[in-house]
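Chains as they are written, first to last, in my numbering: chain A, 1 to 647; chain B, 648 to 1294.
All C-beta atoms in this analysis are idealised placements derived from N, C-alpha and C, irrespective of residue type, glycine included.
Below: the structure, in structure tokens.
There are 2 protein chains.
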Amino acid sequence: MTKLKSLPLTKISIDDSFWDKYIKLVQEVIIPYQWEILNDRVEGAKPSHCINNFKITAKEKEGEFQGAVFQDSDVAKWLEAVAYSLSTNPNKELEKSADEVIHLFGKAQDETGYLNTYYTIKEPNLRWTNLKEGHELYTSGHMIEAAIAYYKATGKDEFLQIMIRNADLICDVFSKDKNSEGYPGHQEIELALVKLFEVTGNKKYIDQAKAFINRRGHRPYYFDKEEKRPEYKRIFQEFAEYLPLYSQSHLPVREQKTAEGHAVRAVYMYCAMADLAYYYNDLELLESCKRLWDNITTKRMYITGAIGSSGILERFTTDYDLPNSSNYGETCASIGLALFGRRMMQITRDGKYMDVVEKALYNTVLSGIAMDGRSFFYVNPLEVWPDNCLVRTSMEHVKPMRQKWFGVACCPPNITRTLASLGEYIYSQTDNTLWINLFVEGSIGVNIQKKDLVVTTKTKFPFEGNISIQLEGNDDLEFDLAIRIPGYVNKYNILVDGINIQDKDCDKGYKYIKINGQKLIEVSFDLSPRFVRANPLVREDSGKVAIEKGPLVYCIEEIDNESNLPAYFVDTKQPINEEYYEGLLGGTTVLKLKGKKISQDNWTLDELYKETDVVWENKDLIAIPYCYWGNRTPGEMLVWMKEYYGG
Amino acid sequence: MTKLKSLPLTKISIDDSFWDKYIKLVQEVIIPYQWEILNDRVEGAKPSHCINNFKITAKEKEGEFQGAVFQDSDVAKWLEAVAYSLSTNPNKELEKSADEVIHLFGKAQDETGYLNTYYTIKEPNLRWTNLKEGHELYTSGHMIEAAIAYYKATGKDEFLQIMIRNADLICDVFSKDKNSEGYPGHQEIELALVKLFEVTGNKKYIDQAKAFINRRGHRPYYFDKEEKRPEYKRIFQEFAEYLPLYSQSHLPVREQKTAEGHAVRAVYMYCAMADLAYYYNDLELLESCKRLWDNITTKRMYITGAIGSSGILERFTTDYDLPNSSNYGETCASIGLALFGRRMMQITRDGKYMDVVEKALYNTVLSGIAMDGRSFFYVNPLEVWPDNCLVRTSMEHVKPMRQKWFGVACCPPNITRTLASLGEYIYSQTDNTLWINLFVEGSIGVNIQKKDLVVTTKTKFPFEGNISIQLEGNDDLEFDLAIRIPGYVNKYNILVDGINIQDKDCDKGYKYIKINGQKLIEVSFDLSPRFVRANPLVREDSGKVAIEKGPLVYCIEEIDNESNLPAYFVDTKQPINEEYYEGLLGGTTVLKLKGKKISQDNWTLDELYKETDVVWENKDLIAIPYCYWGNRTPGEMLVWMKEYYGG
């Protein structure tokens, strides 16, 4: 089966009431802000040293390397976001800044193709000696992805040529003859090399990606061998006691049955595995991908699409271990999950993958960024009590407020590139079918069977369930339009030029509609808010409910209610009332619930434990979308609410 | 008001069905086992190097120092336990081993009185240069305490003289003229110096203790100044970002209103503060002690008497922050809390302190040791799911099974000395009053108004509430017998030679009985099991109940019930049934409860979240005392159970 393709971003225009505020932020705030950050020009934010490191490497400046070993990747992610942004919103000044950085890359690259500021400035003799911690391949991967995006956006190939030279070096250094066992400590190069194969057609790149993936997990472990060599030099003290599963190198990938280790590393690797499974028609590898996906999404994923529940090592732990207040749930991991899911949908055409992609994008990815675009969450808890988020305690990784910029700044630029490339998630196509995966207002130009047509979507999704899809230019064209019917939709209605077709079967979450000149498809989803429960094996959530509306998970915040949110019990026998608040959080539907709260009346402040009855107070509750939490006065937040079982 | 005294251990004999199994373990298993550990002769346990370090220091051996900077304190705590044990159970062979170690101490001590193996072997030029991390004063403190205990137990003063020389050195080094600002990073020397004053009558020791306490918390901080000196050398990397509150040096002690920082350091300091408040009649300091005690026991203490809820830095966090599964709750911290509470009761004669002391001893201190005496808990969670207690995750400090011996081995010898000195908690006296604080079978010889009398207690407390107290030798004696009426006792009855006196008032938790020749006091407490709730501000416990019987907190374990304990909901409207199981866990009363469990029937293993109703199953539950958890097949454990509010 042919893999679906995303449409080129240059053909997609988004004009959506839900997403526009974020996409505008990317163009107007985040990309310029991050550019200032990369140049160390933001007061009160930690200097990133990024551009400076490249200038030193290019000998334009004197100085020492500063920042993390993978600092270069921040510039790469910024450039990738710039590229996506330029695809839809040309901006000469921005393009000029990007071109200057790219030119700087050229000067910083050495004659062999090597390009990495940390190793060039700080450890020139230690290149490729510490794959476990050194992040050279990771950084190159992000640079290659950025170069491809920039090439696609602008048609200019200076950056692409730089990164082809770098990729050629990597293919040489890690060839069978020279280093037949090495693989990266942080996966990312693999999916970049696949993309480079896709854009250049040169098979050596994907072969190298395959080699990296296939080398993982064999004993004796490469990282153990590497560490015994005289030239090995440790970078991170906490890696002294290294668990191979941290980097998914505990087993050959085909034998991995559960999602283990650092969550971002894991999902980036699964992306590459999915790509390789497709291009090499490797059904065994595809089975591994399906198994790992299922393990995550049926055992190890928060309802918000967050993954990786341990603060220490930002890692997966065990099935059903999903603590709500102490969890990590890194924004970047959910971005990786969305990337993985998109690939799986494009290979299998199964809407279940897109259900999770949508969940991750609408909840954890968006919660990662403030509505003013100037602060970010790394960690995405489902329950927050600001009082106990104290530094130098077990809760220190949890921040009750978004932070300006982090020392390790992976998440902000990763969110930026994701928002800027949103169009790649919305639509997919083959030669004769167009898939609509997400419901976002806007229009696309698409070429089906060599005919150009224009598809215009109008909707107020996710707050309302009506979606109208208008086709133009399809008068002499017969093709299939596949519309995703999300797993959470219990009732829906589809009219094609006024004719009801909802009795036709869905195929794996998609409704395939034969279009033969029809112009208007009117979809209507029932997006009534719903109470959702977790499998009782999720010990943290038993006796609790969450509320969802469409793909949105809702939460309660102290500012709309009272403090001590865990003392609330929701009465699920009462209806949930919806109301759209124009002026709240850029316009949002709030949900109103009935419940009870355990009273403080029979307790004094001197009493911690005693024999007493519970005294209940009736309380109304207001819930807002989880993605918007923490954008007002800081306070408590809660997703999973206790359920009141009394009469 | 005169401070009460504990009775000499040599006058106390314990013969109690509840405690004997532990006290016998101390004599028969733990002390011999720890002796083997100190001598590195236990296979499978981490070598302690303790004795070896002293032999190297004494030049009896060649070699390197090994172990932690405070390694010497393990031997000290062992010797203190040996002393207490010898007080009640003379043992020539054990005494010979102890004498040999003491003799070795003498050889390891230098001519100035200095005695510390780490600094003598490893950093001879850095003595007293790193009070923040070096633990020299902490180690000396434990050595002094051991020396005093050994002197009291055996009458031999070799050890005491060694430690007097050491204390003299400390008083000199930290005198006003030489170092007028230094104080220890880990408090302990202060309470040892008070004891040394008590046993020698030399006021300089308590003056030095007072100076150490009064120096804390003034700015600029001593530890900051120390760190800037050229001779400073960091020992613990994680102390690079040091919070002064970690060692309670963030504020002068009189200004401290909340219990902060490392829990063991905190309570050891509060012990010294209470001692100083008494001896200097310092009412302001006593107020500080009361305020800090109240902050702990009304805001920051688990129902088990565990304190210090953060795994990172083993520290207090904030009011009402008492997570059940990820908590630290170090055994040593509860021991320190008991030591602090005993002092406060002895100063104030208020039984509320003894309520907490009893809670800590019967629950967290006992849970720290396996019923075979061979393995130990540092960390005392109230909820355990072994599957998620994974190394290299946020839960790695929590162990579902007791461990043989730790690298940092403070808890096992601390438990040992506490059990061996239990008698010091049971009784207190002044010239004309005898207090019975805890209800333990056994007899004492006590001198009241220069008359010797024998008091014999018979009871099956805490499983039964009847306590009979027989007096002998009091024919011509008028004195007061004070019997503690625990805060948890709702109904009780006291007969004195058959005459009911329970209508007389209690004074701060003690019933004072005028004894004028009477022989038999029969106390009967209602120890029916009870449901207890937490203040609703304890977010972790809202909607939950705990079960207590007397001082015992109960828990449910997987082995007596089923897995997935958090899915159980207790029906608090149903009675709790008690049953004594002779053969279980050395003989224990189990509690039988009625409840419901959320069924798994409407869930498949592929479903993580969905719209569905809760299906209930009726379930009976069996609870055992918390202190006995983890002594059978490893599995889940839970103290705070959800409450079923349905009909």
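For residue j and residue i, the rounded distance between their alpha carbons
| i | j | result |
| --- | --- | --- |
| Y1273(B) | A1214(B) | 19 Å |
| I312(A) | V590(A) | 35 Å |
| V1262(B) | N466(A) | 34 Å |
| T572(A) | Y1292(B) | 14 Å |
| C1153(B) | Y1159(B) | 7 Å |
| E472(A) | L481(A) | 13 Å |
| E690(B) | E683(B) | 10 Å |
| F1024(B) | S956(B) | 15 Å |
| I296(A) | G550(A) | 21 Å |
| N736(B) | A745(B) | 14 Å |
| I483(A) | V267(A) | 26 Å |
| W629(A) | I1141(B) | 59 Å |
| T1259(B) | L565(A) | 24 Å |
| K803(B) | L984(B) | 30 Å |
| L1029(B) | E1204(B) | 11 Å |
| P251(A) | V173(A) | Per the sequence shown, residue 251(A) should be read as Leu rather than Pro. Spanning the two alpha carbons is a distance of roughly 24 Å. |
Check whether residue i and residue j have beta carbons under 9 Å apart
| i | j | result |
| --- | --- | --- |
| Y84(A) | A149(A) | yes |
| V570(A) | K642(A) | yes |
| R216(A) | S249(A) | yes |
| I1271(B) | D1188(B) | no |
| I882(B) | I982(B) | no |
is_contact[residue i, chain D] using C-beta, thresh 9 Å
| i | result |
| --- | --- |
| R392(A) | No chain D appears in the structure shown, which is made up of the protein chains A and B. |
Neighbourhood of residue i by C-beta, 8 Å cutoff - its chain only, sequence neighbours within 5 removed
| i | result |
| --- | --- |
| I1349(B) | Because chain B in this structure spans residues 648 to 1294, residue 1349(B) falls outside the shown range and cannot be described. |
| L38(A) | S48, C50, I51, D74, V75 and W78 |
7 Å CB neighbourhood of residue i in its chain, flanking five on each side removed
| i | result |
| --- | --- |
| W687(B) | The sequence shown places Asp at residue 687(B), not Trp. Hits under 7 Å: P694, S695, H696 and N699. |
| A272(A) | Q187, E190, L191, V194, A209 and I213 |
| K610(A) | none |
| A263(A) | I307, G308, E314, R315, F316, E330 and A333 |
| R254(A) | E284, L285 and S288 |
| Y879(B) | T776, N777 and E873 |
| L892(B) | E907 and G908 |
| D275(A) | L191, V194 and R343 |
Same chain, Cβ closer than 6 Å to residue i, five either side skipped, listed in chain order
| i | result |
| --- | --- |
| F1110(B) | T1236 |
| M948(B) | I954 |
| R774(B) | Y766 |
| A800(B) | A730, L733 and S734 |
| E579(A) | V590 |
Self-check item: Where the stretch 1070-1090 of chain B meets chain A: residues whose CB sits under 8 Å from a CB there
Solution: So the list is empty, because no residue satisfies the distance condition.
Exercise. Check whether the stretch 1044-1053 of chain B touches the stretch 981-993 of chain B, counting contact only when three or more Cβ pairs, one atom from each stretch, lie closer than 8 Å.
Key: no
Practice problem: Name, going along the chain, the residues of the stretch 369-387 of chain A whose beta-carbon falls closer than 9 Å to a beta-carbon of chain B. | Solution: E383, W385 and D387
Practice problem: Taking only beta carbons into account, state which residues of the stretch 302-320 of chain A come closer than 7 Å to chain B, listed in chain order. | Solution: I303, S310, G311, I312, L313, R315, T317 and T318
Quiz prompt | Touch test, the stretch 280-287 of chain A against the stretch 1009-1026 of chain B, Cβ-Cβ under 8 Å, three pairs minimum | solution = no
Quiz prompt | Contact between the stretch 992-1000 of chain B and the stretch 1239-1253 of chain B (3+ Cβ pairs under 8 Å) | solution = no
Quiz item: Using Cβ-Cβ distances below 8 Å, what residues of the stretch 1214-1239 of chain B are close to chain A?
Solution: A1214 and F1216
Practice problem: Give, in chain order, every residue of the stretch 481-507 of chain A whose Cβ lies closer than 9 Å to some Cβ of chain B. | Solution: Here the close residues are Y488 and N490.
Self-check item: At least 3 beta-carbon pairs within less than 8 Å: the stretch 750-760 of chain B vs the stretch 1080-1094 of chain B
Solution: no
Practice problem: Note down, in chain order, all residues in the stretch 524-535 of chain A with a beta-carbon under 9 Å from any beta-carbon belonging to chain B. | Solution: So the list reads R530, F531, V532, R533, A534 and N535, given in the order they occur along the chain.
Quiz item: When Cβ atoms are compared, which residues of the stretch 1103-1119 of chain B fall closer than 8 Å to chain A?
Solution: none
Quiz item: Touching or not, the stretch 1-9 of chain A and the stretch 423-433 of chain A, by the rule of three or more beta carbon pairs under 8 Å?
Solution: The stretch 1-9 of chain A makes contact with the stretch 423-433 of chain A: 3 or more CB pairs, one atom from each, lie closer than 8 Å.
Quiz item: Does the stretch 21-32 of chain A come close enough to the stretch 446-458 of chain A that 3 or more CB-CB pairs lie under 8 Å?
Solution: no
Quiz item: Given a limit of 7 Å on CB to CB distance, which residues of the stretch 685-705 of chain B reach chain A?
Solution: Flagged: no residues at all.
Quiz item: Mind listing which residues of the stretch 851-863 of chain B have their C-beta closer than 8 Å to chain A's C-betas, in chain order?
Solution: none
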